[in-house]
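Working notes, structure below.
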């Protein structure tokens, strides 16, 4: 190697480093990255590292996890040593299982574990050439892994071509620039490999190569052979085209000289992504195997892989040139042959069929549509849009073209690419169906989610559904279902009773044309008080077929679960899915998933995590100009701020949301704004203001139809009414909740209904009964803030009716819960009550100081009879982690078995009653 002393020094230090690390080599094509990678491999081999090579290929850049498969294929024999969860992750990724596709984090952790196992026997070096062609999914995982190699025996080095966008661009991995050679070094390299050149040719080569080593090595024979007998003026000078294109002329001359059969073999190999150089992919049966191509080897276009014996391209530029010099007919014939070869691979077959087809072909269009569905379920919605667009181009009928363009726009909208969705809608106008149901789905989606345009999008979608009904549609179909689901989503945000009633009438007229999922959304999203009976069970049944659901179906069902307060059991799936969808999938649905994750984190008391989730969602929605979701995110951040007593911030966000949403008629957000106002006033102890905000959502004694915050603010209105002397209104409202059977709808509503009844009933016996039902509800600890408020009220009542000693148990529990949550105003209120009961606040936390918040919660759940698996599902932990926590809890409580937990926790409460 000439002129690479500084790079070699860096690479030597890289290999000699005592622990794992990653490094990116970035430079132009032909600048010598592959030679430096070869040098790294030689150094690693001398240090007895195991080396695994992979290479990105452009033909596979849209196939999820194709690149990762190259790295992991040689390590599959280690899979049996992984735990079941990580084995299942790899089964799903490589198509051997049908579970939910993993998130980047889940897969990255599994890959790290696999690499650690492999490196435990021998240090491991992963070498990736042409990383710019790695598929997005694999790039994300490699970036995740590369950032976490410290402390391991694994090293990763990646070669990237400059000027080609890649997921590695934002992976934050250390980089080593590989630049062109200086004039002096370029002359040395040229003279070393091509001594005795005619001065004119030597000068021309140096000018053309511009320090590019590959050009310095390859150009002289081409110039001498192709320009023999010509004057210097006739020799090719600098034309202004990029160097890689000029090098393709070098290889093009050799390719054209080959026989037709050999050229066809090379073309099929190039179009199917056969590897280049020693980094060629060695997994079996995944790509075309070139045959009878010895002539190309002799011409320096192909090499033979020393391990597999297969033909591989000598350099990626050879592969690119093969495709460039082929005629369109030759390329289409090659794609057709490859489509036949990949007949069992729905995505790869469709890719080649699309490229092989010129005229409309319904069979090919259907194959592309099926491939798009497959990609969507694998988190590849961006790819799905491209395939659906191509399917529309190949559709034989105007109706099918319009439908597929509408599907492409629909998926683009869900992917957060609203501008692209709008362009696809406009491109449908040429078919004369600009008001088709498919285009209405996409245009309505864009208008609603980008601008919060509730009124016009509602009218447009409603009219499209009526039109389909009146046209005599007989069978359920995808477009109708999308229109219905969009109308229900718009109605949910509008929260307008008249619009909901008209929608119910419309959907009733459609009968069985409305899907079972849409019926769930209809009942859960609108008026859960009056239509929510049985929704919990229906959501649970729908989630049973999780692997068949599109990402938007998962999101919508999770929204329904939120309305009946069972979101916690589905949150693990949302957390596994959201990272994948943010990068390459349904971005807009990922935004809603983040909302749902944040809401559940608020509900279960993980408020620091909820803040981080909210900030992440705010950044995402702002970046992609989803104005509606920006304000929606700010609403939840405002609510969290109010819960924590950050009143100034809460009111600022409340004003921002209300100012934007109220003129647009987005009742869903104005209700949250009123809830922020209620909660902030309660935090300040301004109960009159809290009452006025609360009755803005619903008057006491009833639950305003289609006001989703009406049942959720039951405890707020009750508490505010009690503190302002409106005892009758408070009790009337609690009785209304009971009569509306709210406890049957959701566990949280059961908890707060019993709490409200206990706070307001004048009968002491009934009050004790309701407090008992609330505090011992199986799901009570799942909602720690509401439970703590009920215990605080219980303690205050006990102090006034039975004396301070009987109040301390409840007040201590409430104070500790508020402190752990970070609900500062409520914690101060509970401490004041404790002081009034004669117990210093310093004493209250002493007994449980040894237990963390998580340990105490696990101990409470275990004392209640839940198994480790059930506790893990509720707290989003593995059973093994739950067991570890309990192992630490036992000695802190002075016990040795699970059976003693209840008594030990009871003794703590008894001690606090001194």
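Residue numbers (the working numbering): 104 to 1017. A virtual CB, placed ideally from N, CA and C, is assigned to each residue, including glycine.
By the beta-carbon neighbour count (other beta carbons within 10 angstroms, threshold 16), residue 842 is exposed.
By the Cβ-count criterion, residue 104 is exposed, with fewer than 16 other Cβ atoms from all chains shown falling within 10 Å of its own Cβ.
Judged by DSSP secondary structure, residue 859 falls outside any beta strand (DSSP E) and instead within the alpha helix (DSSP H) spanning 850-863. Take the alpha-carbon of residue 281 and the one of residue 228: they are about 20 Å apart. In this model, residue 468 and residue 357 are separated by some 37 Å (Cα to Cα). Taking the Cα positions, residue 434 is about 26 Å away from residue 168. For residue 126, the enclosing beta strand (DSSP E) has its first and last residue at 124-130. In the three-state DSSP reduction, residue 770 falls in the helix class (H, G or I).
In this structure, DSSP gives residue 573 a helical state, which the three-state scheme calls helix. Contact between residue 680 and residue 203 holds: their C-beta atoms lie close to 7 Å from each other, under 8 Å.
CA-to-CA, the gap between residue 940 and residue 875 works out to about 21 Å. Under the three-state reduction of DSSP, residue 271 is assigned to helix.
Inclusion of residue 998 and residue 989 in the CB contact set at 8 Å is not warranted, their separation being larger than that value. The beta carbon of residue 725 is closer than 7 Å to those of 733 in its chain, skipping five residues each way along the sequence. Looking at the backbone, the Cα of residue 561 and that of residue 649 are separated by about 30 Å. With contacts defined by Cβ atoms closer than 8 Å, residue 590 and residue 606 form a contacting pair. Distance from residue 793 to residue 823 at the Cβ level is roughly 4 Å; contact confirmed, criterion being Cβ atoms closer than 8 Å.
Here the alpha carbons of residue 187 and residue 831 stand approximately 58 Å from one another.
DSSP, reduced to helix, strand and coil, places residue 779 within a helical segment of the structure shown.
The closest CA to that of residue 778, considering only 225, 618 and 819, is found on 819. Per the coordinates, the alpha-carbon of residue 258 lies some 38 Å from the alpha-carbon of residue 699. Inclusion of residue 495 and residue 474 in the CB contact set at 8 Å is not warranted, their separation being larger than that value. Residue 835 and residue 633 have their C-alpha atoms spaced approximately 18 Å apart. Between the alpha carbons of residue 788 and residue 838 lies a gap of roughly 25 Å. Annotation for residue 232: the continuous beta strand (DSSP E) segment containing it runs 227-232. Per DSSP, reduced to three states, the secondary structure at residue 800 is helical.
Secondary structure of residue 303 (DSSP, three-state): helix. Sorting 960, 219 and 798 by C-alpha distance to the C-alpha of residue 829 places 798 at the top. In the structure shown, residue 906 adopts coil according to DSSP, grouped into three states. Between the C-alpha atoms of residue 264 and residue 773 there is a straight-line separation of about 51 Å. Judged by DSSP secondary structure, residue 982 falls outside any beta strand (DSSP E) and instead within the alpha helix (DSSP H) spanning 982-996. Taking every protein chain shown into account, the CB of residue 249 has 16 or more other CB atoms within 10 angstroms, so this residue is buried.
With respect to residue 739, residue 696 sits apart: the two C-beta atoms are not nearer than 8 Å.
From the listed residues 366, 432 and 430, the smallest Cα separation to residue 400 is found for 366. Put simply, of 984, 1009 and 656 the residue whose alpha carbon is nearest the alpha carbon of residue 996 is 1009. Bounds of the beta strand (DSSP E) holding residue 261 are 257-264.
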